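What follows is a single structure, written as structure tokens, with notes after it.
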Amino acid sequence: MDSQLYFEIQQFYAHQMQSLDNGEAEAFAETFTLDGSFVHHPHNRVDTRTEIALATKRGVEKTRAAGVVRRHWFGMLAVEAAEDGAVRTRYAALTSATAADGSVSWEPSCLVEDLLVRVDGRLLNHVRTVRRDDVREA
Amino acid sequence: MDSQLYFEIQQFYAHQMQSLDNGEAEAFAETFTLDGSFVHHPHNRVDTRTEIALATKRGVEKTRAAGVVRRHWFGMLAVEAAEDGAVRTRYAALTSATAADGSVSWEPSCLVEDLLVRVDGRLLNHVRTVRRDDVREA
Amino acid sequence: MDSQLYFEIQQFYAHQMQSLDNGEAEAFAETFTLDGSFVHHPHNRVDTRTEIALATKRGVEKTRAAGVVRRHWFGMLAVEAAEDGAVRTRYAALTSATAADGSVSWEPSCLVEDLLVRVDGRLLNHVRTVRRDDVREA
């Protein structure tokens, strides 16, 4: 694993999450593979890019209806090379929501694990698994 | 664009914003070109390093008077090479304010775009454009 | 100082702080040298890896008793090469605490300085000095 790949992963996340936070559901979904999965452990799972786009559109509409601008913050990004040029990552994530009156609220912190794969030379998200820190597993 | 430049940009921001957060207005202003601009879209624009230093001094005094320590947090940094060795960046920014009683408050999140240029081998901020997420444009 | 070392430092911090935030006190302590020091300026100082492990265990138990999940966030990381392959870093740090009801609270921001040294080819924390922004020095 070298710094050039780390840089590429950071750019991948910057573009992916700017798409989401700017409300571009299709562009966000396109950062997943066609058969990609977005898992909110342990209760919710969305499979395929098409379904991820639909779920993201609903999320974007909900955010607009709430009158806030959400921003995602990733931190403590650990990366690990996997088979066939794939990469496993693990990081903490937070989401801020800024309202029109300037107030900032926070959604629960999460621990996220991604499996990124290379398709036609480009990194794509194959599986994202999100564990919210307010959900205590038995 | 390679990882060495990304590292250089990260170091540029680390030093720039540590200067600001430590109240060193002159050192902060010196990270801008002599003809640099700091734009708070859509209402406020400060041109030239001299004026940026003056505006920053007023900001630092206001922060001290408020009895808080501000810290800036940049996230989701996307970088793009531009002409003549210049770099365009785009990132989300947040500012925390810690009071003497230990409480932490947050200023509205922002989306920031910078044009960085190279002067005598060193990166400098030519234009910074800040868009606050609590300001909804028509 | 090159981007490969910057990447290595980022990975060091990712693993170090994921250990702490996941409650692995021993793994966290093992990121310090045997004679390492953790200094909370100006009032508290813990010396040796053994004592850091004990202090961290108490911290982890306190966090569990409070029913929250803490996550550390480092930002504006400045790095500087020192003698004998050592590295000095300086960065801002924040800690979020997510409760079971989903609420997020924040501990005071800090400015942190580390001295990292290389032991058997691996980076270890020799000294960490934390200055809380709610503590105003005379």
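Residue numbers (UniProt numbering), protein chains in the order written: chain A, 1 to 138; chain B, 1 to 138; chain C, 1 to 138. Even glycine gets a Cβ: it sits at the ideal position worked out from N, Cα and C. Just so it is clear, the structure is predicted and the values come from calculations on it, not from any experiment.
Local Cβ density within 10 Å of residue i, reported as buried at 16 or more and exposed below that
i	result
S103/C	exposed
N22/B	exposed
D35/B	exposed
A14/C	buried
R49/A	buried
N44/B	exposed
E83/A	exposed
E61/B	exposed
Close Cβ partners of residue i (< 7 Å) along its chain, the five nearest in sequence each way excluded
i	result
A81/B	M1, V87
G85/B	R118
F28/A	Q16, S19, L20, T56
E8/A	L123
Three-state class that DSSP yields for residue i in the structure shown
i	result
G36/A	strand
V60/C	helix
E8/B	helix
R21/A	Sequence check: residue 21/A is Asp here, not Arg. The answer is helix: DSSP assigns D21/A an H, G or I state.
G102/C	coil
S3/A	helix
R136/C	coil
G75/C	strand
T89/A	strand
T48/A	coil
A97/A	strand
A81/C	strand
E30/A	coil
H15/C	helix
Same chain only: Cβ atoms within 8 Å of residue i, ignoring 5 sequence neighbours per side
i	result
A92/A	F74, G75, M76, S109, C110, L111, V112
Y6/C	V79
W106/B	L94, T95, S96, A97
Q10/A	L77
Pick from the options that is closest to residue i, judged by C-alpha positions
i	options	result
M17/B	D133/B, H72/B, D47/B	H72/B
E26/A	A53/A, Q4/A, V46/A, H15/A	A53/A
D101/A	D120/A, L116/A, V69/A, E83/A	V69/A
F32/B	L115/B, Q10/B, V60/B	L115/B
T63/B	E51/B, N125/B, A99/B	A99/B
H137/B	F12/B, H41/B, S3/B	The question names His, yet the displayed sequence has Glu at residue 137/B. The shortest Cα separation from E137/B among F12/B, H41/B, S3/B belongs to H41/B.
A122/A	F12/A, S3/A, Q4/A	For the sequence presented, residue 122/A should be read as Arg rather than Ala. That would be F12/A, whose Cα lies nearest to the Cα of R122/A.
D47/C	H126/C, D134/C, V135/C, V130/C	H126/C
D134/B	D134/A, A66/A, D120/A	A66/A
Any chain C beta carbon closer than 9 Å to residue i
i	result
E107/A	yes
F28/B	no
A66/B	no
Y13/B	yes
R90/A	yes
L123/A	no
R128/A	no
R136/A	yes
Residues near residue i by beta carbon distance below 6 Å, same chain, minus five either side
i	result
R132/A	P108, C110
R128/A	F38, D114
R90/C	A78, E113
V130/A	H40, C110, V112
Below-9 Å beta-carbon distance, residue i vs any chain B residue
i	result
M76/C	yes
M1/A	no
R71/A	yes
F7/A	yes
D114/C	no
D21/A	yes
S37/A	no
L54/C	no
Proximity test, Cβ basis, 9 Å: residue i and chain A
i	result
G102/C	yes
T31/C	no
Q18/B	no
A99/C	yes
R132/B	yes
V87/B	no
R118/B	no
Residue i: CB within 8 Å of a non-hydrogen atom of the ligand NAP
i	result
R128/B	In the structure shown, the ligand NAP is absent, as is every other ligand, since no ligand is present at all.
Proximal residues of chain F, C-beta to C-beta of residue i below 8 Å
i	result
L34/A	Protein chains in the displayed structure are A, B and C, and chain F is not among them.
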